[in-house]
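Asks: Residue numbers (full-length UniProt numbering): 1 to 93. Just so it is clear, CB atoms sit at the ideal spot from N, CA and C, and this is done for glycine as well. Every value quoted in this text rests on a predicted model; they were computed, and no experiment measured them. Have a look at the structure that comes next, please.
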């Protein structure tokens, strides 16, 4: 978000790839984001963890939800090996 000049409040939806349920709770508190905007169709625990395709699953869900709800921006996050993570912001045009 720092690179875009936007804040978490500018995000209509947020998808947090959770390895454990506590992950989403901690991230929501750290980001101070409304939980109604997080994992709106359920996250990896509810849907399933598509090993090797988590990023594709997250982006597909966010893209469809942005279009379906006629929203503008979403933030996708996922963890990767070695305790690292990655995030991507998408915007409809």
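Looking at the unbroken beta strand (DSSP E) that takes in residue 102, where does it start and where does it end?
Replies: The question about residue 102 has no answer, for the chain in this structure spans 1 to 93.
Asks: Taking 7 Å as the limit between beta carbons, can you name the residues of its chain near residue 88, skipping five residues before and five after?
Replies: So the qualifying residues of the chain are 76.
Asks: Between residue 55 and the rest of its own chain, which residues show a CB-CB distance below 6 Å, the 5 nearest in sequence each way excluded?
Replies: The answer, listed in chain order, is 78.
Asks: Which residue or residues does DSSP assign as beta-bridge partners of residue 79?
Replies: For residue 79, which the question treats as bridged, DSSP gives the partners 85.
Asks: Would the segment 61-73 and the segment 23-35 be scored as touching if the rule is three or more Cβ pairs under 8 Å?
Replies: Cβ pair count under 8 Å is below three, so no.
Asks: Would you mind reading off the limits of the beta strand (DSSP E) that contains residue 58?
Replies: Per DSSP, residue 58 belongs to no beta strand (DSSP E); it is in the alpha helix (DSSP H), 54-69.
Asks: Exposed or buried, what is residue 64 when buried is set at 16 or more other beta-carbons lying within 10 Å of its beta-carbon?
Replies: By the 10 Å Cβ count, residue 64 comes out exposed.
Asks: Starting from the C-beta of residue 92, find all residues in its chain whose C-beta is less than 6 Å away, skip the five residues before and the five after it, and write them out in chain order.
Replies: 66 and 72.
Asks: Take the Cβ of residue 52 as the centre, count every other Cβ of all protein chains shown within 10 Å, and call the residue buried at 16 or more, exposed below.
Replies: Classification of residue 52: exposed, given that the 10 Å Cβ count is below 16.
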